[in-house]
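With my numbering, the residue at position 10 of the sequence shown is 161, and numbering never jumps.
For glycine and all other residues, C-beta sits at the position ideal for the given N, C-alpha and C.
Only a predicted model underlies this, so the values are computations on that prediction, with no experimental measurement involved.
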Amino acid sequence: MRNHDIPHDELQWRDNGNGTGSWEIYVRCDLIGSVKVDIPSRHSDGLTRTQEKCLQLVRDLTPKMKPALTECLRKYAIAYLSADLDEDELSFVSEYASVPYLEHTDTPYVFLYADSPVDDEHGVCFLIRDRDVLCCCHGDESLQFNGWDNTAALDELAEDVT
């Protein structure tokens, strides 16, 4: 089933069995259409203000961001493949985003996961902060951000790969 066939804007709690879990919601954005968003949380009583800002950030992704995403993908391709690819080789398709473990920071961060020929095996991941595309990294890179409110590590990731 593709994302566009699923009901949108219905927040669902997914308990992981140890008192924490994640919120799951499908939203639409102008950049890529339908997006599944995973928002880890320690509480099942609703999103925090910052998590709501992160979700709105996904909704606000626009086609105007495509050049910045493509440029970050180009930089990643140079680092990962040691090759400067042509524009037509720098494609990506995304239907999934996640919010880092944020509760108390005011700045919204989002990981936008994408399938791309640049990394067929793992895919790629774009880190977006406050509508700025910070970097493109390995698709599994975001999994290391399991500490709550670790925005310094997110910013460090962006500096390491740019």
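{"Asked": "Span of the beta strand (DSSP E), counted from its first residue to its last, around L206", "Found": "From DSSP, L206 is part of no beta strand (DSSP E) but of the alpha helix (DSSP H) over R200 to R210."}
{"Asked": "Status (buried if at least 16 other CB within 10 Å, exposed otherwise) for A164", "Found": "Contrary to the premise, residue 164 reads as Trp rather than Ala in this sequence. Label assigned to W164: exposed."}
{"Asked": "Span of the beta strand (DSSP E), counted from its first residue to its last, around A248", "Found": "V244 to S249"}
{"Asked": "Simplified DSSP assignment, three categories, for L182", "Found": "coil"}
{"Asked": "Presumed contact (8 Å Cβ cut-off) between F277 and V284, rounded CB distance", "Found": "6 Å"}
{"Asked": "Neighbour-count burial assignment, I190, 16 or more Cβ in a 10 Å radius", "Found": "buried"}
{"Asked": "Inter-residue spacing [alpha-carbon to alpha-carbon] between M216 and R179", "Found": "15 Å"}
{"Asked": "Nearest neighbour of E175, chosen from E222, D271, R280 and K187 [CA to CA]", "Found": "K187"}
{"Asked": "Opposing strand residues paired with C287 [DSSP bridges]", "Found": "F277"}
{"Asked": "Residue nearest to G197 in terms of C-alpha spacing, selected from G290, T256, A234 and L162", "Found": "L162"}
{"Asked": "Where D306 sits in the DSSP three-state scheme", "Found": "helix"}
{"Asked": "Pair within 9 Å by beta-carbon distance, D235 and R225", "Found": "yes"}
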